[in-house]
Amino acid sequence: VETGVRDGFAYLLVADDGPGIPQNRREDIFDRFVRLDGARSRIEGGTGLGLAVAKAIVEAHGGTVRVLDDDLFPGAVFRVDLPMSGARQGT
């Protein structure tokens, strides 16, 4: 996890060490009820709502959320950018 401020935006980077997200599915993961691993059951897996909810909240605040390419991490790297306008920087 990394946070910071750049060009008037607060950012949050979250990386994991999972299997990653195939390039051709990166937009799909933000849709409701999408789960990439078909072998996971609902008992042990999620509902596929978390990223859809996160994206809706971020966009409601004028921000963006996306998956990045990063050769340093074997899994997925997500970046959230939120505008700092109206907020006090440095707090």
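In the numbering used here, the protein residues as written are -18 to 72.
Glycine is no exception: its CB is placed at the ideal position from the N, C-alpha and C atoms.
- Per DSSP, reduced to three states, the secondary structure at A(-4) is strand.
- Note that the C-beta distance between Y(-8) and D52 is not below 8 Å.
- Assignment of R13 by DSSP, reduced to helix, strand and coil, places it in the coil class.
- Boundaries of the beta strand (DSSP E) around V58: 58 to 64.
- Ranked by Cα distance from F(-10), the first of G43, P55, D12 is G43.
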